[in-house]
Structure formats: structure tokens, C-alpha cells
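*Asks:*
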Amino acid sequence: MNLKSCIFSAVLIMFVFANLSYTQEVTPDFSDGKKWSVGLGFEYFKSTMSWDEDSLISPLKSYLMTFHVNYEILDGLYLGGIFGYASSDFESLTFRELPISLTMDKGAIGGMLFGAEAMFTFYETDYFDFSVMGQYIYYNGGEKQWDIPGLAVDGTATGKPKWSRATVGVSFRYLAAEPFLPYLNIAYSSLSGTFAMEESIQTLNRTEEKNISGVGSLMIGLGGIYDLSDSLSLLLEADFTPYSGGDNYEGGVDFGALLRIMYSF
Numbered sequence: 356m357n358l359k360s361c362i363f364s365a366v367l368i369m370f371v372f373a374n375l376s377y378t379q380e381v382t383p384d385f386s387d388g389k390k391w392s393v394g395l396g397f398e399y400f401k402s403t404m405s406w407d408e409d410s411l412i413s414p415l416k417s418y419l420m421t422f423h424v425n426y427e428i429l430d431g432l433y434l435g436g437i438f439g440y441a442s443s444d445f446e447s448l449t450f451r452e453l454p455i456s457l458t459m460d461k462g463a464i465g466g467m468l469f470g471a472e473a474m475f476t477f478y479e480t481d482y483f484d485f486s487v488m489g490q491y492i493y494y495n496g497g498e499k500q501w502d503i504p505g506l507a508v509d510g511t512a513t514g515k516p517k518w519s520r521a522t523v524g525v526s527f528r529y530l531a532a533e534p535f536l537p538y539l540n541i542a543y544s545s546l547s548g549t550f551a552m553e554e555s556i557q558t559l560n561r562t563e564e565k566n567i568s569g570v571g572s573l574m575i576g577l578g579g580i581y582d583l584s585d586s587l588s589l590l591l592e593a594d595f596t597p598y599s600g601g602d603n604y605e606g607g608v609d610f611g612a613l614l615r616i617m618y619s620f
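For what it's worth, the numbering used here labels the leading residue of the sequence shown as 356, then goes sequentially.
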């Protein structure tokens, strides 16, 4: 069993155990406390992507602007929806099976995104708590067209990207420093997608689709939540995703950061 499978299996077992323990031992709390929260978020991440049967890599850089709606359906169990806009840059991605080979230059492609997230706190003391968490985001990029230079006739290339990211893991939060709550996340994260490039030169049309996938899967997040008031909170987080080298590339560490402000009622 490889590292990805081990991490995913361990988190899945912990999630099932936590839910069973919660069902058997904890009485649901439907008190009049704050159940809803809404907010705005901004996220940046760089993910090293592999393609051409994992023989080559290139960076995917994305900026996400998100709107969040969360609801606490039981004490400690939150479910939420995510909607927003993303701008993704697929620099250095190369298409060789077209009539004229193309390599992506710097330049982002915008698109809509949506997803869901959940968090369940299964153990808590006066000083810390443990939670399991999960998030899924889907990005559907818009079409972007480029003119092909250096031709005696008109030629265009049209790109259409898509990607999705699934994350599941555990979170450790320190509670004794309120109103600031630092936390550590350890998660399995899988990012994959496609990029379809269509090339048109007069009557000649051909499409090449690249399958892309993230090289790293172990995500470590360091962050904190600061309660600005009884209803307003600010979240800051930095993420690190190491990846090992391959036959044609060296290993490294990808980086991400997010900021989110939430209002609870």
C-alpha cells in the first residue's frame, strides 16, 4: 500500500470511528446558539502538476475568491457550501499532438467554482480539540482563445480547463489562547483535471486533451482563527505540500495561503 492509500485509509477509519462514537455517546444539541455562518474568502495555491503519463511537470497557480454558507446541524458538526470564482494559470503546459505544437505562456483563465465542506469535532477539552474535516471544490474554466503567430493564414487556439480538489484530514486546535485559536491541519489532498486545447488553421481542426494531476498529496496547514467579536471571526492559514522527485524532475514543496472572514448568527 502506497503513502496516499495509507493516509486516506487512516483518515477514513478515524472519520467513521468519530461518527460512531458521536452517535452512541453524545446527545444532539439543538440549543438556540448560533447555527448559521456566512463569509468571504480568498485563497492562493501553487500545485505542481504532472502530465504525459507523469513524465513531465508544470506549475498550476490559482487564485480563488469564495462565498461560504455553513450550518451546524448538530453540536460540533458543520456542513457548508462554497461558491465563487477562480483564476488559474497553467504555465508551461505543452501540447505536441496538434498540427503546430503549443506551450502555454503566463496567463490566467477565469472560471466558476463550487463545492462543499464539512467539519466534525469529536474530542474536546478545556485546552484543545480534535476534528475531522473534508472539502471538495470543482473549477470549470471558461474558454480562452489565442491567435497563432507566424502563419501565412489565420490560425487560432482555444483552451478549456477544468480541475477538482478533494481534501480530507484531521485538525488539532488549541483553545486556551482565546480569542486567538491556533490550529494544525494534516490532510490528504488530491487535485486532478483536464485541459482541452483546440487548434484551428483554416479548415484544419484538431483537439488535444491533457490529463493533469497533483504530484503532492500530504498537505500540512498552519493557521489561526481570531474572534473579532462575538459574531465576527477572521481565519488565516498557510499550507505546505511536499512532493518527491521523479525521473525528469526534482522534489520540492508547494505553497498555499487563505484568508476567510465569517459572520455567525
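Even for Gly, the Cβ is constructed at its ideal location relative to N, Cα and C.
Measure the beta-carbon distance from G548 to I575 and round it to whole angstroms, keeping in mind my assumption that it falls under 8 Å.
*Replies:* In fact, because the Cβ distance is near 23 Å, the residues do not count as touching under 8 Å.
*Asks:* Could you tell me which residues DSSP pairs with L429 in its beta bridges?
*Replies:* L432
*Asks:* Is L559 helix, strand or coil when you go by DSSP?
*Replies:* strand
*Asks:* To the nearest angstrom, report how far apart A551 and F438 are at their CA atoms.
*Replies:* Roughly 24 Å separates the two Cα atoms.
*Asks:* Shortest alpha-carbon distance to W518 belongs to which of S410, Y426 and S443?
*Replies:* S443
*Asks:* I want to check one thing, is the minimum distance from the CB of Y494 to the heavy atoms of the ligand ATP below 7 Å?
*Replies:* Absence of the ligand ATP is noted for the structure shown, with no ligands found whatsoever.
*Asks:* Can you name the residues that DSSP bridges to Y416?
*Replies:* Reading the sequence as shown, one finds Lys at residue 416 and not Tyr. Answer is K401 and D444.
*Asks:* Looking only at C-alpha atoms, which of A463, G579 and E553 sits nearest to L530?
*Replies:* Of A463, G579 and E553, the residue nearest in Cα terms is G579.
*Asks:* Decide if P516 is buried, meaning its Cβ has at least 16 other Cβ atoms within 10 Å, or exposed.
*Replies:* buried
*Asks:* Looking at G569: is its Cβ nearer than 8 Å to the Cβ of S588?
*Replies:* no
*Asks:* Return the CA-CA distance between N495 and L419, expressed in angstroms with no decimal places.
*Replies:* 12 Å
*Asks:* Considering only the alpha carbon of each residue, which of L559, Y604, F483 and Q500 lies closest to Y453?
*Replies:* Note that residue 453 is Leu in the sequence shown, not Tyr. Answer by Cα proximity: L559.
*Asks:* Give me the residue from D609, L577, A593 and M617 with the minimum Cα distance to L415.
*Replies:* Here the closest residue by C-alpha is D609.
*Asks:* Which of the three DSSP states, helix, strand or coil, is assigned to N495?
*Replies:* Looking at N495 - three-state DSSP - the assignment turns out to be strand.
*Asks:* Where do the N-terminal and C-terminal ends of the beta strand (DSSP E) with E472 fall, by residue?
*Replies:* A463 to E479
*Asks:* Would you mind stating whether T403 and G601 have Cβ atoms separated by less than 8 Å?
*Replies:* no
*Asks:* Consult DSSP for I455 and reduce its assignment to one of helix, strand or coil.
*Replies:* Of the three classes helix, strand and coil, the one that applies to I455 here is coil, per DSSP.
*Asks:* Applying the criterion that 16 or more other CB atoms from any shown protein chain within 10 Å of the CB defines a buried residue, is D387 buried or exposed?
*Replies:* For D387, the pLDDT reaches just 48, beneath the cut-off of 50, and the residue's location in the model is therefore unreliable, although a value from the coordinates is still provided. With fewer than 16 other beta carbons inside 10 angstroms of its own, D387 counts as exposed.
*Asks:* Which partner residues does I575 have in the DSSP bridge list?
*Replies:* For I575, the beta-bridge partners assigned by DSSP are I541 and F595.
*Asks:* Mark R528 as exposed unless 16 or more other C-beta atoms lie within 10 angstroms of its C-beta, in which case mark it buried.
*Replies:* buried
*Asks:* Exposed or buried, what is V381 when buried is set at 16 or more other beta-carbons lying within 10 Å of its beta-carbon?
*Replies:* With a pLDDT of only 39 at V381, under the threshold of 50, the placement of this residue in the model should not be trusted; the figure read from the coordinates follows. It counts as exposed.
*Asks:* How big is the Cα-Cα spacing for P597 and V508?
*Replies:* 46 Å
*Asks:* Relative to the C-alpha of M467, which residue among Y478, Y493, T449 and L457 is closest?
*Replies:* Y493
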